[in-house]
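Visitor: Quick one: structure below, then a few questions.
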């Protein structure tokens, strides 16, 4: 899930942990743990694009892959590629290939 901090900065929530948007290098953005950062947590999430066996673009987040399900204009909805047909509701929303909302709660 995508949200904002008290100061208005972007935050991604994954499995109950919050991650602050950090630096961008080229097309890659890093998200650093903000839930336990003060306790020394160094967890980082780095979503990145990969290609499927058929050559289609997918997003990999935390070891899960997402396929492009629907797109309208600059917005694209991505769904869990491994268990969507079994009812997994995990999804990502991107605008111009930047993640603006994430639901990384998988039921598998």
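In my numbering, the protein residues as written are 21 to 128. Glycine included, each C-beta is placed from N, C-alpha and C at the ideal position. Fair warning: this is a prediction, and the values are worked out from it, not measured in the lab.
Report the partner residues of residue 92 according to the DSSP bridge assignment.
Guide: For the purposes of this step, residue 92 is taken as the residue at position 72 of the chain shown. According to DSSP, residue 92 bridges with 95.
Visitor: Leaving out the 5 sequence neighbours to the left and right, which residues in its chain are closer than 8 Å to residue 118 when beta-carbon positions are compared?
Guide: Within the chain shown, numbered from 1, the residue matching residue 118 stands at position 98. Result list for residue 118: 49, in chain order.
Visitor: So residue 95 and residue 111 are supposed to be a Cβ contact under 8 Å. How far apart are they, rounded?
Guide: By one-based count along the chain shown, residue 95 stands at place 75. By one-based count along the chain shown, residue 111 stands at place 91. Incorrect: roughly 12 Å between the Cβ atoms, too far for contact.
Visitor: Helix, strand or coil for residue 106? Go by DSSP, reduced to three states.
Guide: For the purposes of this step, residue 106 is taken as residue 86 along the chain shown, with counting starting at 1. Residue state, collapsed to three classes: helix.
Visitor: With a 10 Å radius around its C-beta and 16 neighbouring C-beta atoms as the bar for buried, classify residue 70 as buried or exposed.
Guide: The sequence position of residue 70 within the chain shown is 50, counting from 1. Result: exposed.
Visitor: Where do the ends of the beta strand (DSSP E) carrying residue 9 lie?
Guide: For residue 9 there is no data in the structure shown, the boundaries of the chain being 21 and 128.
Visitor: Which first and last residues belong to the beta strand (DSSP E) in which residue 121 is found?
Guide: The residue you call residue 121 lines up with position 101 of the chain shown. Its beta strand (DSSP E) spans residues 118-123.
Visitor: Are any of the Cβ atoms in chain C nearer than 8 Å to that of residue 122?
Guide: No chain C appears in the structure shown, which is made up of a single protein chain.
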